[in-house]
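Colleague: Before I ask anything, let me first share the structure, which is written out below as structure tokens.
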Amino acid sequence: MMIGKCFAKDLFRGKTVFVTGGGGTINAGIARGFAELGANLALCGRTLASLEAAAASIRALSAQALVVEADVQRIETLEAALAATERRFGKVDVLICGAAANFPAPAEQMTADGFAKVIAVDLMGSFNAARAAFPHLKATKGNIIFVSATNALMPFAFQAHVGAAKAGIDSLMRGLALEWGKYGIRCNSILPGPIEQTEGLRRLLTAEDIAELSAYVPIGRFGTIEDCAAVCCFLASPAASLLTGVALVADGGQSFSGSAMLAELMMNP
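The sequence shown begins at 3 in my numbering and counts up by one.
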């Protein structure tokens, strides 16, 4: 991974990173980035098969990985998972709030239950994870990184529910940054744009759409999972010690171009 070329290889040696939604494509990649820099990883989620696969890829880097089953909609399961992590590694230094529910749906066809599910997993799940991790992070003066998205800033077709949840996450992040700074806890979020090689992008766009849209991104490409990992490693590093309450957009400038082209392709295939 490029991370080894950007950061000291032992930057997170002795640190423990707890990742919700740890079996997801982007979150597993973020976890691998921290593992490459020496961190111990605790991967939390509901689907054990994907968690074990992600853990195996981390162990292949000669790093330690713990799989802990939990549902971010139930705070007591997160509390138990964090306690298990502390028993294994002694502490928790970084929380990555990555658990998410995402599916495309026109707003006029979205059910109330479907909308509520996304809010419950993305927004409420982020609060639950942060609240459960608070005593652990207070003890280590750690930090929280929320995985948001540029949907929080601009609309994407068939993603109104996701945009609402992500905007809520960023507002939550800023509130926690304000309140928990006195405990030495930093809170930031990463807002990726479209990320290659993810199931979410494949659901929304064809390969031809992706190739066409990439040409409109100022840097000429969509982001990668490694890009997301690098940004998270930066936010958790001493180099970002002054940063809290920051919603860091990582989209290669794609949001500057607006969402009109993306909406046109999706709504008029």
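Think of the CB as a built atom: it goes at the ideal place given N, C-alpha and C, for glycine as much as any other residue.
Can you find at least 3 beta carbon pairs, one from the region 232–242 and one from the region 199–215, that sit closer than 8 Å?
Modeller: No: the two stretches stay apart, fewer than three of their Cβ pairs being nearer than 8 Å.
Colleague: So if DSSP puts Cys-235 in a beta bridge, which residue, or which two residues, is it bridged to?
Modeller: Beta-bridge pairing links Cys-235 to no other residue.
Colleague: Let me make sure I understand the geometry here. Which of Pro-137, Gly-100, Thr-142, Glu-110 has the alpha-carbon closest to that of Met-126?
Modeller: For Met-126, the nearest C-alpha among the options comes from Gly-100.
Colleague: Going by CA-CA distance only, name the one from Val-70, Leu-45, Gly-35 that's closest to Lys-11.
Modeller: With distances taken between Cα atoms, Lys-11 lies closest to Gly-35.
Colleague: So which of Phe-160, Pro-157, Ser-191, Lys-184 has the shortest CA-CA distance to Leu-250?
Modeller: Taking only the C-alpha atoms, the option nearest Leu-250 is Ser-191.
Colleague: For a test of the three-state rule: what should DSSP assign to Ser-128, helix, strand or coil?
Modeller: Reduced to three states, the DSSP call for Ser-128 is helix.
Colleague: Let me check understanding here. Comparing Cα to Cα, which of Gly-247, Cys-235, Gly-254, Phe-258 lies closest to Ile-32?
Modeller: For the residues Gly-247, Cys-235, Gly-254, Phe-258, the minimum Cα distance to Ile-32 belongs to Cys-235.
Colleague: Identify the continuous alpha helix (DSSP H) that holds Thr-79 and give its terminal residues.
Modeller: Here the alpha helix (DSSP H) through Thr-79 covers 77–91.
Colleague: May I ask you to report which of helix, strand or coil DSSP gives Thr-142?
Modeller: It is helical.
Colleague: Beta-carbon separation of Leu-193 and Ala-103 under 8 Å?
Modeller: Contact flag unset, no.
Colleague: Let me confirm a value: Gly-225 is counted as buried when at least 16 other C-beta atoms fall within 10 Å, else exposed. Which label applies?
Modeller: It is buried - the Cβ of Gly-225 has at least 16 other Cβ atoms within 10 Å.
Colleague: Should Leu-155 be flagged as near chain B, meaning a C-beta pair shorter than 8 Å?
Modeller: Any reference to chain B falls outside this structure, which holds one protein chain only.
Colleague: Flag this pair as yes or no: are the beta carbons of Phe-9 and Leu-39 separated by less than 8 Å?
Modeller: A contact, by the Cβ cut-off of 8 Å.
Colleague: With a floor of 3 residues, list each beta strand (DSSP E) that falls wholly inside the region 194–258, ordered by position along the chain.
Modeller: Those beta strand (DSSP E) runs which fall completely within the region 194–258 and span 3+ residues are 249–252.
Colleague: Terminal residues of the continuous beta strand (DSSP E) containing Phe-20?
Modeller: First-last of the beta strand (DSSP E) with Phe-20: 18–22.
Colleague: Using CA atoms only, rank isn't needed, just tell me which of Leu-178, Gly-6, Ser-52, Gly-16 is closest to Gly-24.
Modeller: Measuring from the Cα of Gly-24, the nearest candidate turns out to be Ser-52.
Colleague: Let's test the definition: count the other Cβ atoms within 10 Å of the Cβ of Arg-15 and tell me whether it reaches 16, buried, or not, exposed.
Modeller: Exposed, by the Cβ-count rule.
Colleague: Out of Phe-105, Ile-227, Ser-64, point me to the one whose CA is closest to Val-164's CA.
Modeller: For Val-164, the nearest C-alpha among the options comes from Phe-105.
Colleague: Taking the C-alpha atoms as reference points, what is the distance between Leu-180 and Phe-160?
Modeller: Approximately 33 Å, taken between the alpha carbons.
Colleague: Let me know if Met-175 comes out buried or exposed under the rule of 16 or more other beta-carbons within 10 Å of its beta-carbon.
Modeller: When all chains shown are included, Met-175 counts as buried.
Colleague: First and last residue of the alpha helix (DSSP H) that includes Asn-29?
Modeller: Here the alpha helix (DSSP H) through Asn-29 covers 27–38.
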